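One structure below.
Protein chains: 6
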Amino acid sequence: MPRLVEYAEAPPEVRAVFDEIKSARGVPDVNNFWKALAVDPPTLRRTWDSLRQVMAPGALDPLTKEMLYLAASMAAGCAYCTASHGAAARARGMTEAQFGELLAVVGMAAETNRLAEALRVPVDPAFD
Amino acid sequence: MPRLVEYAEAPPEVRAVFDEIKSARGVPDVNNFWKALAVDPPTLRRTWDSLRQVMAPGALDPLTKEMLYLAASMAAGCAYCTASHGAAARARGMTEAQFGELLAVVGMAAETNRLAEALRVPVDPAFD
Amino acid sequence: MPRLVEYAEAPPEVRAVFDEIKSARGVPDVNNFWKALAVDPPTLRRTWDSLRQVMAPGALDPLTKEMLYLAASMAAGCAYCTASHGAAARARGMTEAQFGELLAVVGMAAETNRLAEALRVPVDPAFD
Amino acid sequence: MPRLVEYAEAPPEVRAVFDEIKSARGVPDVNNFWKALAVDPPTLRRTWDSLRQVMAPGALDPLTKEMLYLAASMAAGCAYCTASHGAAARARGMTEAQFGELLAVVGMAAETNRLAEALRVPVDPAFD
Amino acid sequence: MPRLVEYAEAPPEVRAVFDEIKSARGVPDVNNFWKALAVDPPTLRRTWDSLRQVMAPGALDPLTKEMLYLAASMAAGCAYCTASHGAAARARGMTEAQFGELLAVVGMAAETNRLAEALRVPVDPAFD
Amino acid sequence: MPRLVEYAEAPPEVRAVFDEIKSARGVPDVNNFWKALAVDPPTLRRTWDSLRQVMAPGALDPLTKEMLYLAASMAAGCAYCTASHGAAARARGMTEAQFGELLAVVGMAAETNRLAEALRVPVDPAFD
């Protein structure tokens, strides 16, 4: 099994990030993703800082952002991310009916993405 | 250049789908994607029927569905689909600020997707 | 534009491969793929030798092999390969009706591939 | 583990699809893919209807279609689909020698797909 | 064509990033990537800050980092990134012989990646 | 579980390749990848011959080649290959600090690859 860095054995710069995550999310421990990323503390720090900035409320609300993250992760075929952002979206209020429709959209996109590329469809001038 | 089937030369079953698309969208002509897909009339018919069903308003509103489609297409690296669904989302009201945040989410997802898979992070039991 | 190595300027080890390709296929010149690959002569040689071996008639006939190559290239989203192996499959007898069905299969596979991964479906014991 | 909907707990519209699959395939139970997809009944119905239509005998015979599905699934890196369509192709008569050659074609396609894209090879005019 | 933000029309926060890039690289203008990313100034700023940090000399020298970036971009099939990081690696000293070997490694990786996944090879305990 | 061909049950042409791998690497047994690939002896032979040629010392040293292989495998999302080439790179001297920086480069590449494609950035003329 890959290495996961637990809080008790983590160096101070890792603990600092773990503490920020736990505080921001109100959880007693961080997810496995962060424990795995802690093998490289600068990447852990940069990823957390970027994620916090990108997922902050803005022109899009937090639930929409989580669903976009989930759709992109499904399209990229990342099993872990599909599971983690599926849980995060549900925690922000995504219903099972919304999940079903998101799944349907991602499936259709996968099919039409391949068809458009397989046929080398030229971009319509009106799109720009 | 790949073959595009124009209305004037299309067989009746293709014209029927083109007519439905033009009517549903209120446009004078269909996009290149449909003209390319018309090389196989059964796939054209099935894809249009599926797309219409999947993108209909439901538990998710039409703009959110378009943005999910756009995010999935970006994650899959389909240039045509990124252009066409970017235009469709803007037509449904996506602002440039919303597009910028969607882009940021897709970029972060791509990075963390690769990191999670590269480190083979085990799925947390709490996600299911 | 990327660099393409033409026969007139090619070193002897590149000309040798080009000659073999032209002879095996009965064509006056090689495709752009081989001219581009010639920037690294050992890769050109190895790729041609492997391709010739893999695509030789065996338990599968040459047309089926070309269609499998085309389907895999579509699934991987390679525009050049989709064009080149589409042409090669047609040269071996693929009809437009067969191409249409191949396209439909690749599209369905893309959709169900993403759905199966998004839902993290466990492999049925009966499959092995 | 992700949720799988079993027949005993399924709503009527899910049972109807399950019954059609079992009847069409002559099997006592459906595969995990369908049980997972049942979390969204409309997607289950649409996917089954599309798959049945796409995989029906036509210009290509059922074994060739299954092998194309398998090749596309391998190229897309879907482990579940590789297992399920590998089993389906064997059930339709694919020999181990044919499987070995299919595997070799998919491997070669993956390599040349990347090389063609990495070198940004321009499409030869003769391909269209 | 997609929108590119030129310096003359750029808002102050975009000009600030452009100035940093030009200064760090000693070039009179930034590449198209940065002009395109400028449609979302926060993403432009975050991407430049992250890239500068990640690509700084450390345990790996700058040429090795550029070649790793190039190999990853080739594997992901990004034509623009393959071109831009190919140029960057050459500017840092990558020879044509080194490029040829990098290309060969990426091609082999693509082939064995697909084979390993298609065969669902279990990870050897010794790897961890 | 997928089929793995063990030495004791392997036909002579498979044993010959296994013997070469064990001898070249000084190991008592081959990895699961080779045992799985042995279901198709010609693919086993061709893959081993190609890999040995591609990974031989040349313009790039063996450690750099292994790290490029690892980066490409991470970018392609192959879990097995990430594990096996991670172990191989460590065996050739890759430090944990180098691994961390490689991981960071692959993550950044994934993000900027998607951004460049999503924005359809035109290739700068200066890159060729």
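Chains as they are written, first to last, in our numbering: chain A, 19 to 146; chain B, 19 to 146; chain C, 19 to 146; chain D, 19 to 146; chain E, 19 to 146; chain F, 19 to 146.
Cβ atoms here follow ideal geometry from the backbone N, Cα and C, with glycine treated the same way.
Everything numeric in this text was worked out from a predicted model, so none of it was measured.
{"Item": "Members of the stretch 113-130 of chain A near chain E, C-beta cut-off 9 Å", "Value": "none"}
{"Item": "Sub-8 Å separation of P59 of chain E and P29 of chain E beta-carbons", "Value": "yes"}
{"Item": "Coarse secondary structure for E27 of chain E, derived from DSSP in three states", "Value": "helix"}
{"Item": "Residue from B:F117, B:A42, B:R64 with nearest C-alpha to Y87 of chain B", "Value": "B:F117"}
{"Item": "Contact set between V32 of chain B and chain A, taken where Cβ atoms lie within less than 8 Å", "Value": "Ordered by position in chain A, no residue passes the 8 Å Cβ test against V32 of chain B, which lies about 15 Å from the chain."}
{"Item": "Best match in F:M126, F:R64, F:F145 for proximity to Y98 of chain E [C-alpha to C-alpha]", "Value": "F:F145"}
{"Item": "Residue-chain proximity (A42 of chain C, chain D), Cβ-Cβ < 8 Å", "Value": "no"}
{"Item": "Proximity of T100 of chain D and M92 of chain D at Cβ, strictly below 8 Å", "Value": "yes"}
{"Item": "Amino acids of chain B, ordered along the chain, whose beta-carbon sits closer than 7 Å to that of R64 of chain D", "Value": "S68, Q71"}
{"Item": "Contacts that D37 of chain E makes with chain A (C-beta to C-beta distance below 9 Å)", "Value": "Within chain A, no residue comes near D37 of chain E; the closest Cβ sits about 22 Å away, beyond 9 Å."}
{"Item": "Three-way DSSP call (helix, strand, coil) for T113 of chain B in this model", "Value": "coil"}
{"Item": "Minimum Cβ-Cβ distance from G95 of chain D to chain F less than 8 Å", "Value": "yes"}
{"Item": "Integer-rounded CB distance, given that A89 of chain C should sit under 8 Å from L120 of chain C", "Value": "6 Å"}
{"Item": "Three-pair Cβ contact test at 8 Å for the stretch 38-57 of chain E versus the stretch 75-82 of chain E", "Value": "no"}
{"Item": "Residue range of the unbroken alpha helix (DSSP H) whose run includes P59 of chain A", "Value": "59-73"}
{"Item": "Closer than 8 Å at the beta carbon, the chain F residues around G104 of chain E", "Value": "F145"}
{"Item": "Limits of the alpha helix (DSSP H) - the one that L78 of chain E falls within", "Value": "From DSSP, L78 of chain E is part of no alpha helix (DSSP H); its letter is neither H nor E."}
{"Item": "Pick from B:R63, B:V72, B:P80 that is closest to V162 of chain D, judged by C-alpha positions", "Value": "Since the first and last residues shown for chain D are 19 and 146, residue 162 of chain D lies out of range."}
{"Item": "Three-way DSSP call (helix, strand, coil) for V124 of chain C in this model", "Value": "helix"}
{"Item": "Straight-line Cα distance separating E129 of chain A from A175 of chain C", "Value": "Any property of residue 175 of chain C remains undetermined from this structure, which presents chain C solely from 19 to 146."}
{"Item": "Per-residue contacts from A107 of chain D into chain C (C-beta, under 8 Å)", "Value": "The premise fails here: A107 of chain D is roughly 11 Å from chain C at the closest Cβ pair, so nothing lies under 8 Å."}
{"Item": "Nearest to S102 of chain E (by Cα), restricted to the options D:R108, D:K83, D:L55, D:L137", "Value": "D:L137"}
{"Item": "Within-8 Å CB hit, D79 of chain D to chain C", "Value": "no"}
{"Item": "Chain C contact for V48 of chain B (CB, 8 Å cutoff)", "Value": "no"}
{"Item": "Distance CB(A54 of chain A)-CB(V139 of chain B) smaller than 8 Å", "Value": "yes"}
{"Item": "Simplified DSSP assignment, three categories, for V45 of chain D", "Value": "coil"}
{"Item": "Reduced DSSP secondary structure (H/G/I, E/B, other) of C16 of chain C", "Value": "The question about residue 16 of chain C has no answer here: the residues shown for chain C are numbered 19 through 146."}
{"Item": "Beta carbon of L95 of chain C nearer than 8 Å to that of G95 of chain B", "Value": "In the sequence as presented, Leu is not what sits at residue 95 of chain C; that position holds Gly. For G95 of chain C and G95 of chain B, yes; Cβs fall inside 8 Å."}
{"Item": "For L137 of chain E, three-class secondary structure by DSSP", "Value": "coil"}
{"Item": "Start and end residues, alpha helix (DSSP H) containing L55 of chain C", "Value": "50-55"}
{"Item": "Coil, strand or helix - R21 of chain D by DSSP", "Value": "coil"}
{"Item": "Residue of B:L22, B:R110, B:A26, B:N131 minimising C-alpha distance to P80 of chain B", "Value": "B:R110"}
{"Item": "8 Å Cβ cutoff, L55 of chain B in contact with chain F", "Value": "no"}
{"Item": "CB contact check: D142 of chain B to chain C, cutoff 8 Å", "Value": "no"}
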